[in-house]
Amino acid sequence: MTFCFRKLSFMVAFSVLSALPAHASENGSAVPFFNLEKMIVNLAPPDIDRYVQISLAYETTDEVAQKNLKTYLPVIRSRVLLLLSTKTVEEIKTIEGKQVLLNQALNVARLTLPEQPNLEGKGIKDVHITSFVVQ
Numbered sequence: 001m002t003f004c005f006r007k008l009s010f011m012v013a014f015s016v017l018s019a020l021p022a023h024a025s026e027n028g029s030a031v032p033f034f035n036l037e038k039m040i041v042n043l044a045p046p047d048i049d050r051y052v053q054i055s056l057a058y059e060t061t062d063e064v065a066q067k068n069l070k071t072y073l074p075v076i077r078s079r080v081l082l083l084l085s086t087k088t089v090e091e092i093k094t095i096e097g098k099q100v101l102l103n104q105a106l107n108v109a110r111l112t113l114p115e116q117p118n119l120e121g122k123g124i125k126d127v128h129i130t131s132f133v134v135q
């Protein structure tokens, strides 16, 4: 499949395997990841003719957090899409800007999930970018 783009200011792409491998946590058990499907969003003014394509993976502590993420997936996706639509190229082109975006995406998920006893951060340890393209 071939893609043709009229404008290409910059593109950063990370190749992604179809499934992220689990890695060992501090206690030796596998750490599950919860992948959000690719999202494509137009950027905020003055970059309204530009877009970002991004995939995220939330790193969770256990199956309860995985189940909660699956249950609240439509709300989390909606909120992440709204968050992305407020960004400009200038805000997300640097490593620091991407880290701010990741922190905001992490907070969005944590604010969306219900309280869980004994689950620090509602069972979400971190969020990672698995694919990122700005066009």
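In this note's numbering, the protein residues as written are 1 to 135.
By construction, the Cβ of each residue, glycine as well, lies at the ideal position given by its N, Cα and C atoms.
Query: Just to confirm before moving on: does the CB-CB distance between L43 and T94 stay below 8 Å?; Result: no
Query: What is the rounded straight-line gap between the Cα of V108 and the Cα of Q135?; Result: 25 Å
Query: How is P21 classed by DSSP in three states: helix, strand or coil?; Result: For P21, the pLDDT reaches just 42, beneath the cut-off of 50, and the residue's location in the model is therefore unreliable, leaving the point undetermined.
Query: How would you call I48, buried or exposed, if buried means at least 16 neighbouring beta carbons within 10 angstroms?; Result: exposed
Query: Report the option in Y51, K67, G123 whose CA atom is closest to the CA atom of M39.; Result: Y51
Query: Check for me: the alpha helix (DSSP H) holding K67 runs from which residue to which?; Result: 63 to 71
Query: Hey, quick one: how far does the beta strand (DSSP E) through E37 stretch, first residue to last?; Result: 33 to 42
Query: In angstroms, rounded to a whole number, what distance separates the CA positions of T86 and P45?; Result: 8 Å
Query: Taking its Cβ as the centre, do 16 or more other Cβ atoms sit within 10 Å of N103, making it buried, or is it exposed?; Result: exposed
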